[in-house]
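Mapping of the sequence shown onto this note's numbering: position 502 corresponds to residue 507, and the numbering continues sequentially without gaps.
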Amino acid sequence: MRPSAQLQVVLSWNLLLVAVCQLDLDSPQWRDCPQLLPKVLVGYAPRGNESAGVYKKSTDAVTLPSCVALCCDQPSCNVVFMFKQTCFQIECESDSLCEPVYREGSQFGNNVRMVLVRPVGAGGRWGDIFAMPLQVDYSRDKPWFGNSLQDLDVAESGLDKVCLADCPHHEHCSVATSACECDEGYLRNRQGDCISAGNMTAVSALLLSPSRDRESTESPSSTKVSEGLDSTSKLPIQTLHISVLSKIVRLPENGAALSAYTIPAELPGGEKYNYEWTLISQPEGSSKGTMTDKNGETLKLSNLSEGVYEFKVAVSGPGVYGEALANVTVMPPKRINRPPVAIVKPASKTVKLPNTGAVLDGSSSSDDDEIIAWHWELQKGPLGYQPYLQDSPTLVLNNLNITGNYTFTLTVEDSDHEKNSTVANITVLQMPDYPPVANAGQDVILYLPHNNVTLNGSLSSDDKAIVNWEWTKSPSDQDKAVDMQKTRTPYLELSNLEEGMYTFILKVTDEADQFDTSTVHVFVKPPTNKPPTAYAGKNMSVSLPQTTVLLDGTKSSDDIKIVSWNWEMVSGPGRVEFSAKNESVTNVTSLTKGQYVFKLTITDGNGNTAANTVAVTVTQNSNSPPKANAGGDHTVELPVDVLVLNGSQSKDDLAIAKWLWTREPTSLAIGSIIAGTDTSPVLMLTNVVAGRYLFRLKVTDDQGEWDEDTVSVIVKPDPHLYHLVELTLNIEADKLTKSRSDSVVMKLGLLLRDAASLVVRALRTEAATGRAVLVFYVETARNALPGPTVVRTLKHKLAQDSVLLQLSVTNIQTTVCQNNCSGHGVCDQATRQCMCEAFWMQDLLRKHFGDGDSNCDWSILYVVIALFTGFVCVVGCVWGIVCVCSRLCLCCHRPSKRQRYALLDNNEDSRLPLGKVMLSESESDSDILFESRKPSKLLNGEARNGVKFNRTGSGFKMERRIKT
């Protein structure tokens with residue numbers, strides 16, 4: 006859009022909207038809407054259209070002020086949107102979606118109006134948003150409200166013929182809105198009546214009759230659009246400032262006067278204002294009030310009731326109008342104070358020790374208004390009593406431990422600081438202390454040989470507590486022998502009683518030194534029965550392989566009752582087992598060849614005992630061979646300190662006399678047998694390695710019968726073998742203490758990663774040097790770390806600081822050599838050196854100048870080629886240097902004067918080639934110092950008898966001569 010067109014649209018927008026018309030915020034109608042933007046936006050709609058929020062149609066409001074008032078009363082309402090005479094209250098999703106945007110089109114214009122009531126966010130004001138430039142939607146073809154607007158048109162079409170005969174005085178029916186509108190020169194006030202425009206401010210007129218405002222804004226000749234003035238008004242209406250002072254009266258005075266003060270006080274020319282006082286609100290149920298001079302400057306009121314009256318005064322004059330509000334508050338008659346009444350419940354109370362608590366309740370105290378303070382005091386009490394009294398309606402006492410009379414005073418104070426007091430009495434009485442009651446228990450009868458008993462005096466009682474117990478023998482029994490123990494306790498222990506009657510006296514004493522005594526008799530009588538008769542049964546004989554026998558003592562007898570049984574072995578060739586040695590019948594197992602003697606001891610109710618023995622002879626009629634059991638095949642996993650093979654489950658009908666363990670030829674030979682265990686039931690093997698061990702167990706009995714069994718043990722490799730690391734400490738093993746080794750382990754754990762833990766596998770001695778070697782591996786929560794990784798980490802950290810462990814380290818290596826020798830050799834476990842394959846050798850540079858690990862990186866063929874190439878290069882370089890030096894030397898010895906040469910005179914001279922240097926003609930043959938002749942040789946293609954041509958093409962080869 007071009008700037009001129011855009012400017013034209015903006016100007017037309019300004020002309021079409023009722024730009025800004027201030028609502029009367031001083032009116033009580035808008036006091037509950039402090040966030041209200043006092044502007045009526047005509048021709049505007051929310052930016053978000055139907056998605057701006059929730060639209061709620063209100064049928065109770067047909068005018069814009071009533072619609073705004075309803076929105077103010079609902080906290081969820083944010084924007085009022087009027088379509089013709091229909092009120093919509095919008096609950097906005099956000100402030101941006103409810104931003105007013107001007108809409109062009111015939112369906113909008115004067116048909117829609119917006120009032121911004123409250124923003125969505127708490128604490129904001131629409132004024133902050135309205136102060137920004139309103140955005141104009143230039144997309145004229147963009148639909149808004151879709152079918153909803155058409156529905157509203159249909160809904161409103163039913164009003165076309167409603168208002169034709171129903172419009173009151175000074176109103177007419179509008180064809181466009183199908184509603185009653187005020188005639189020209191009249192505006193509708195808040196009561197809905199059309200009154201003359203001279204009695205209203207321009208602001209009220211614009212708010213209450215927007216249709217006339219739209220007519221004014223649509224007129225091209227209007228110059229007061231932004232001020233909301235009616236272009237048809239002949240006189241502008243000015244605002245009149247009015248001040249009314251509110252009044253407060255107190256009954257029984259029930260009259261008041263309200264005076265209105267105007268600025269200016271009078272109209273020009275001394276003309277008076279017109280006053281009109283209106284009652285806005287009054288207390289509920291009040292209808293006796295009287296208003297006098299309602300059209301005067303001062304309103305007189307009488308017969309007012311208690312409550313708040315709200316009045317409005319409207320002052321008007323030619324071209325001026327103003328309103329003001331005032332309150333008359335009627336206070337209730339002043340109260341005649343009556344002193345409070347202090348009441349304490351209970352007024353008197355008796356407390357008996359040992360109870361020491363009491364409660365005095367003063368909350369029942371009363372007053373005609375309010376009690377503001379309670380105060381407790383001790384008026385009278387026993388000597389030495391120190392109370393802690395808290396000023397509260399209820400007094401709680403918990404230290405009334407002194408007998409006597411207590412008098413407490415409660416003083417209450419009301420809101421007019423009137424006081425009243427009352428007293429409460431508490432009497433603390435001493436509880437009577439009754440003497441104790443001794444109870445030495447029931448008489449006891451004993452039958453010898455039982456001569457001990459315990460007397461029980463714990464049934465003695467006292468109302469408080471017994472503090473002392475004392476047992477004595479009756480004076481008449483002083484000459485009778487008896488041992489008495491625990492005489493100062495409730496339980497008296499008697500022993501060594503003799504036949505006869507004993508009398509014992511119990512004396513108990515309480516806290517008040519009151520005592521009581523009680524006697525008990527002990528009758529010791531001679532025995533009433535004979536000792537029991539024990540019978541263990543007849544002697545028995547069993548033959549192997551039977552190894553069990555049943556012993557029966559049920560034929561033992563007593564004149565009263567046998568209370569206990571006990572079986573035991575007196576003699577025998579070996580140990581046996583009893584199934585129930587404290588029963589009359591028991592089963593004996595694990596018998597072997599020989600003779601056994603068993604003893605039965607019985608006891609009756611009086612403690613009399615008797616014993617009897619029985620002999621059991623175990624014979625062997627025929628020998629059965631033993632049954633060897635080497636323990637069965639099983640599997641173990643390294644590390645194993647001792648491999649145990651248990652053959653103790655081997656059996657024989659008599660006894661196994663000999664055990665012999667032998668290693669099978671197919672078994673691993675590694676492993677040391679602990680001395681003596683190969684001839685015992687249990688074989689113990691140390692220093693085992695991974696593999697299969699096969700042993701044969703041979704058992705032999707006394708008769709030479711034997712049996713064999715083999716056992717196979719699979720020893721699996723150590724799962725952490727390739728994780729183990731050996732740390733050799735520079736200290737002799739016999740000098741390493743437990744504390745120092747624990748310190749090394751702890752510091753090694755700190756050197757490793759935080760989430761890893763160090764597991765010590767062994768601490769051994771290095772055979773060659775005697776140093777201590779720590780074998781360990783490192784594991785995390787998921788798995789164990791590889792040994793080479795741990796070695797590299799520790800070497801790197803110890804290289805930075807060698808004293809981190811406080812003990813120097815001579816070597817760190819994995820337990821198993823894990824060097825792959827570059828894939829061209831194997832690592833020797835003993836020397837940790839790589840044994841390279843044919844045609845491969847060690848990288849000497851890496852070995853001596855690199856990480857030092859043994860390797861097989863170099864191929865011998867490539868090394869030979871490289872050495873030969875290097876040798877040739879060196880020889881070539883030396884030869885080149887020699888040649889260069891020789892050239893330099895020849896150049897230095899060449900004569901500085903050039904010799905001149907001439908052709909010879911003989912025929913041979915004709916064969917000399919012409920050159921740059923010519924011989925002198927004066928020279929003769931006598932000047933020839935040297936002549937060189939070479940034997941002729943045939944050149945390729947020369948005739949043997951022909952003329953020899955030189956290679957220069959001259960046809961002759963010159964003989965060499967030198968002349969001087």
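For each residue, glycine too, the CB sits at the ideal point set by N, CA and C.
The structure presented is a predicted model; accordingly, all values stated were derived computationally and were not measured.
Excluding five sequence positions before and after Asn634, the CB atoms of its chain that fall closer than 7 Å to its own CB belong to Gly652, Gln654, Ser655, Asp714, given in chain order.
Distance from the CA atom of Leu400 to the CA atom of Asn332, rounded to whole angstroms, is 49 Å. Scanning Gln625, Pro644, Gly275 for the CA closest to the CA of Asp723 turns up Pro644. Below 8 Å, enough C-beta pairs join the segment 67–85 and the segment 115–128 to call them touching: three or more. For Pro51, the enclosing beta strand (DSSP E) has its first and last residue at 49–51. CA-CA distance, Cys896 to Arg851, rounds to 49 Å. Straight-line measurement puts the Cα of Lys703 at about 19 Å from the Cα of Leu648.
Rounded to the nearest whole angstrom, the C-alpha separation of Asp438 and Pro495 is 22 Å. The C-alpha of Asn83 lies about 29 Å from the C-alpha of Cys187. In the assembly as shown, Cys826 is a buried residue. Its beta-carbon has 16 or more other beta-carbons within 10 Å. Separation of Gly676 and Ala695 (C-alpha to C-alpha, rounded to the nearest whole angstrom) is 10 Å. Taking 4 residues as the minimum length, the segment 283–308 contains no alpha helix (DSSP H) run wholly inside it. Along the length of the segment 369–422, whole beta strand (DSSP E) runs at least 3 residues long occupy 376–385, 399–402, 409–419, reported in chain order. Comparing alpha carbon positions, the residue from Leu272, Asp557, Gly126 closest to Pro80 is Gly126. Residues Ala777 of the same chain have their beta carbon placed closer than 6 Å to that of Leu741, with the five preceding and five following residues left out of the count. Within the DSSP secondary-structure output, Val687 pairs in a beta bridge with Asn651. Here Ala486 is exposed, its C-beta having fewer than 16 other C-beta atoms within 10 Å. According to the DSSP secondary-structure assignment, Val325 is paired through a beta bridge with Gln243, Gly322. Distances from the CA of Val720 to each of Asp712, Leu690, Leu779 were compared; the closest alpha carbon is that of Leu690. Taking 8 Å as the upper bound for CB-CB distance, Pro532 and Asp563 are not in contact here, some 13 Å apart.
Leu511 and Ala443 do touch by the CB rule: their CB atoms are close to 5 Å apart, below 8 Å. Distances from the alpha-carbon of Thr553 to those of Val575, Ser569, Thr594, Asn628 put Thr594 closest.
Assignment of beta strand (DSSP E) within the segment 594–626, counting only whole runs of 3 or more residues, yields 599–609, 614–625 in chain order.
The beta carbon of Gln847 lies closer than 8 Å to those of Cys839, Cys841, Ser859, Asn860, Cys861, Asp862, Trp863 in the same chain, with the five residues before and after it left out. Phe86 counts as buried, since no fewer than 16 other beta carbons sit within 10 angstroms of its beta carbon. Between Ser426 and Thr412 the beta-carbon gap is near 12 Å, outside 8 Å, which marks them as no contact. A contact is defined here as three or more CB-CB pairs under 8 Å, and the segment 239–253 meets this definition with respect to the segment 318–337. Sixteen is the threshold: since fewer than 16 other Cβ atoms of the shown chains lie within 10 Å of the Cβ of Lys357, the residue is exposed. Judged by DSSP in its simplified three-state form, His526 adopts strand. Secondary structure note for Val783: its beta strand (DSSP E) is the uninterrupted segment 776–784. Per the coordinates, the alpha-carbon of Asn403 lies some 14 Å from the alpha-carbon of Leu383. Taking one beta carbon from each stretch, the segment 52–61 and the segment 91–108 have 3 or more pairs nearer than 8 Å; the two touch.
For Cys832, the CB contacts under 8 Å within the same chain, skipping 5 residues up- and downstream, are Cys822, Gln823, Asn824, Asn825, Cys826, Gln838, Cys839, Met840, Ser859 in chain order. CA-to-CA, the gap between Met545 and Gln625 works out to about 14 Å.
Under DSSP, Leu460 takes part in a beta bridge, and its partners are Leu497. In the three-state scheme derived from DSSP, where H, G and I count as helix and E and B as strand, Leu46 is classed as strand.
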